[in-house]
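Asks: Please find one structure pasted underneath; my questions will follow.
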Amino acid sequence: MAVSNGGTFHLDSSQETFEGQMPYRREVRPPAAGLVQWAYSLVVQGEEAAQPFSLILLDARGQRVASGEAEEGIASLEAELREQPYELRIESARPMAFRAICTQTYGYR
Numbered sequence: 058m059a060v061s062n063g064g065t066f067h068l069d070s071s072q073e074t075f076e077g078q079m080p081y082r083r084e085v086r087p088p089a090a091g092l093v094q095w096a097y098s099l100v101v102q103g104e105e106a107a108q109p110f111s112l113i114l115l116d117a118r119g120q121r122v123a124s125g126e127a128e129e130g131i132a133s134l135e136a137e138l139r140e141q142p143y144e145l146r147i148e149s150a151r152p153m154a155f156r157a158i159c160t161q162t163y164g165y166r
């Protein structure tokens, strides 16, 4: 849903559900050009509640921006991001399936 204030500033959000296998890597790209603000939220459910796993979001320099550790099979992270690509990693000691929901809210010109 996009909201505009007469063409100069737009507010929008998106939600995506995806599945995969740990270890998992994915590029996270800015959702729009001209970003003013970008909030990124991710919740991941592992296939096995007792198996630990972690979420890591790295910036273009490889610096950790946000992270989360699984508790009872669920991990989450939230971050305020800048207009650059990031790398998402979902890691566990052994392969495991997961489901995830990613929500992004952003303002742009």
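No gaps in the numbering here: position 39 of the sequence shown is 96 in our numbering, and each next residue is one more.
Idealized CB from N, CA, C, for every residue including glycine.
Keep in mind the model is a prediction, meaning the values are calculated, not measured.
#1: Within 8 Å, do at least three Cβ pairs link the stretch 143-154 to the stretch 82-102?
#2: Name the residue from Gln141, Gln108 and Cys159 whose alpha carbon lies nearest to the alpha carbon of Gly119.
#3: Taking its Cβ as the centre, do 16 or more other Cβ atoms sit within 10 Å of Ala127, making it buried, or is it exposed?
#4: Using DSSP's beta-bridge definition, name the partner residues of Gln102.
#5: Which class does Gln78 belong to by DSSP, given the choice of helix, strand or coil?
Replies: The structure says:
#1: yes
#2: Gln141
#3: buried
#4: Ile131 and Arg156
#5: strand
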